[in-house]
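Quick note: the sequence shown uses the UniProt record's numbering, first residue 1, plus one each step. Following: one structure in structure tokens, then a few remarks.
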Amino acid sequence: MPPQHESAPTEDRPLDGLGVAKSPLSCHRCRRLKRRCDRQYPFCALCCERQESCDYPPSRKQRNRPRSGHVMRKPSLLSPRTSSRTASTAGSSIQASAVQTASPHPSQYDIHYQLSELSELDIFAASFLNPDDNFIRAQLESAKIEVSITEAVSSLVGSISDIQTIAVEFNQNIYTWMPILSHQQFQETLLERLTLRRAELFLLVLAMKLCVSRPTVARSALYTTVKEFYISVESSGRLSILILQAAVLIAVYELGHGIYPAVLLSVANCARIGVLLGVDNSLTKLAHTTEIPWIKLEECRRVWWMILILDRFVNLSNPKRHLVTSDPDSDSYLPVDDAEWDSGISKPADAVQLRFSSQMNIGRFARFAHAVPLLSQCISRVDEAPHDTVQLRRTILSLINLGEKEGVTKRILFCTLNAACYM
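Structural data, given as structure tokens:
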């Protein structure tokens, strides 16, 4: 026997002037996506047009989502007008079974049905399913799943004074060669993040603590806790620059301690998150064309430059040498001077494009980023004969010489640049 399905409610529906049945309430989908529903019964015009499942609440008390036992109905392939004419001929006591039989397996053909069954609607997931939806264009987003902060995580993070101590130690040891987060911005937003973005802040603090730690074994208890907490935060649907910075710091730790293949996967994951957040576009984005504050735009640039560097650095020793990020073009902006940016006195006009980097004095991290295109050429031309790469070797030696001259002038060492070039 064919499977039996629950039919639509049989109560009488009011008719409009054209004799079309009207529901007193908007359908579930239009309510959730904040759309204007015409309340035509059994399927509204918007759901018919988009070929989406349409379901009306039986009463005003049930306005969030259908009951667990209620079957979602997918509108027929008829146009909204045809569907309205069919509904009007059936009279005021229309039943959904008389118009269309509900599908026994809606999840097999309607991906929107699967999305509607999720407890929380994530804007990134929704953008993949229907990028043109008004919900996405309006940037409406529901609350994320709450992340449980375990006692182990809380004890490792400690109090506010402990967080500030970790930040100071990080800036004294790691920031000098990897300045991807602003110390000033971190201190100014600490209380706000503790209140509104506690899980993301704790993850970043743990990643900072991991980088400055000196474990006796690479896969220490701290590393295991940080990785587990990172997975928990990421699985909750949260994606932000804080999480991306934490992911980069975890990848740096794995690279420094030779944790393979985890570091390859971590770098690839950083690149994916960066693309989702649009951080990759920050290299060519001008400050006056975006609403992002200058200090945050520069922070995004630095994070993406670090991802580019890590992607090429880990592939220098990888036999397959498969990059997950594209090379920056010549119009990409390099990071500004590290000390000026961290102190908050840098300006958007201080940023130098990659094509002019050899002719200008730039900061240590910017000169490190200057080596990215050369590293890409080394990876792509590794199998060529030595006489074919003479010019490439000369260019690398010129960059090393340029870094040494700037180091004498500024009284700093370009250790990261030399390490990358001599690889």
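All residues carry an ideal CB built from backbone N, CA and C; glycine is no exception. Remember, it's a predicted structure, so these values are computed and weren't measured experimentally.
Bridge pairing for Gln353: Tyr333 [DSSP].
The continuous stretches of alpha helix (DSSP H) do not include Pro42, and DSSP gives it neither H nor E.
Taking the Cα positions, Leu190 is about 27 Å away from Val267. In this structure, Leu323 is the residue among Leu323, Gly344, Ser161 with its C-alpha nearest to the C-alpha of Val372. In the DSSP assignment, Leu417 falls within the alpha helix (DSSP H) that extends over 415-421. Contact between the region 407-416 and the region 336-344 is absent: fewer than three C-beta pairs spanning the two stretches fall below 8 Å. Taking the Cα positions, Arg394 is about 11 Å away from Leu374.
When C-beta atoms of the region 241-255 are compared with those of the region 287-294, fewer than three pairs fall below 8 Å, so the two segments do not count as touching.
Pairing Pro179 with Asp338 gives a Cβ-Cβ distance under 7 Å. Taking 7 Å as the cut-off, the Cβ atoms of Cys48 and Cys37 do not count as close. Here Ala247 is not near Cys211, since their CB atoms are 7 Å or more apart.
For Ala251, same chain residues with a beta-carbon under 7 Å away, outside a window of 5 residues either side, are Val263, Ser266, Val267, Cys270, Leu310 in chain order. By the CB criterion at 7 Å, Pro335 and Phe365 fall inside the cutoff. Annotated three-state conformation of Trp304 is helix, per DSSP. With a contact defined as Cβ atoms closer than 8 Å, Trp305 and Ala369 qualify at about 4 Å.
Secondary structure note for Asn173: its alpha helix (DSSP H) is the uninterrupted segment 160-173. In the structure shown, Glu146 adopts coil according to DSSP, grouped into three states. Short of 6 Å from the beta carbon of Arg302, and not among the five residues preceding or following it, lie these beta carbons of its own chain, in chain order: Ile180, Pro335.
Taking all protein chains in view, the Cβ of Lys34 is surrounded by fewer than 16 other Cβ atoms within 10 Å, so the residue is classified as exposed. The beta carbon of Thr150 sits closer than 8 Å to those of Phe229, all from its chain and outside the five residues before and after it, given in chain order. Beta-carbon to beta-carbon, Ile231 and Arg321 are separated by about 28 Å, too far to satisfy the 8 Å threshold.
Within its own chain, the residues whose Cβ lies closer than 6 Å to the Cβ of Ala351, once the five positions on either side in sequence are excluded, are Tyr333, Val336, listed in chain order. Separation of Gln184 and Val157 (C-alpha to C-alpha, rounded to the nearest whole angstrom) is 20 Å.
The three-state secondary structure of Lys209, taken from DSSP, is helix. Across the set Pro348, Pro57, Leu397, the C-alpha of Leu397 shows the shortest separation from the C-alpha of Ser358. Per the coordinates, the alpha-carbon of Thr325 lies some 13 Å from the alpha-carbon of Leu283. By the Cβ-count criterion, Leu204 is buried, with 16 or more other Cβ atoms from all chains shown falling within 10 Å of its own Cβ.
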